[in-house]
Amino acid sequence: MTGHALSTDWRFAELAARCHLDPVLATRYAVEPYGVLAEFGIHAEEGDPIPALPADLGSEVTITSLDRRELVPALVPISGCGGCRVEPGSR
Numbered sequence: 052m053t054g055h056a057l058s059t060d061w062r063f064a065e066l067a068a069r070c071h072l073d074p075v076l077a078t079r080y081a082v083e084p085y086g087v088l089a090e091f092g093i094h095a096e097e098g099d100p101i102p103a104l105p106a107d108l109g110s111e112v113t114i115t116s117l118d119r120r121e122l123v124p125a126l127v128p129i130s131g132c133g134g135c136r137v138e139p140g141s142r
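If you use the numbering used here, the sequence shown corresponds to residues 52 to 142, in order.
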């Protein structure tokens, strides 16, 4: 690994969460861990220790999107912008 603890890398946290949601990905990680780590942007050399996935995430998994685009309503009323269409008769 490249000089930092993989256990504190957010990319590995995402991989672990996705493996718990997707059994096919978890199986792929068990069979070909170096390839799956590379898919998540984590460089590992042959012979580097491969971390095990957490065995238990507790009884509940909560996924929170941090994508700002999902925090803004799809249609924000802005008068005079010309970008918002109003269907005839909707007022």
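Where is the CB? At the ideal position from N, CA and C, for every residue including glycine.
Only a predicted model underlies this, so the values are computations on that prediction, with no experimental measurement involved.
- A straight line joining the alpha-carbon of residue 77 with that of residue 71 spans about 7 angstroms.
- Assignment of residue 105 by DSSP, reduced to helix, strand and coil, places it in the coil class.
- Annotation: residue 117 to residue 82 spans about 30 angstroms, alpha carbon to alpha carbon.
- Here the alpha carbons of residue 66 and residue 74 stand approximately 12 angstroms from one another.
- Between the alpha carbons of residue 89 and residue 105 lies a distance of about 19 angstroms.
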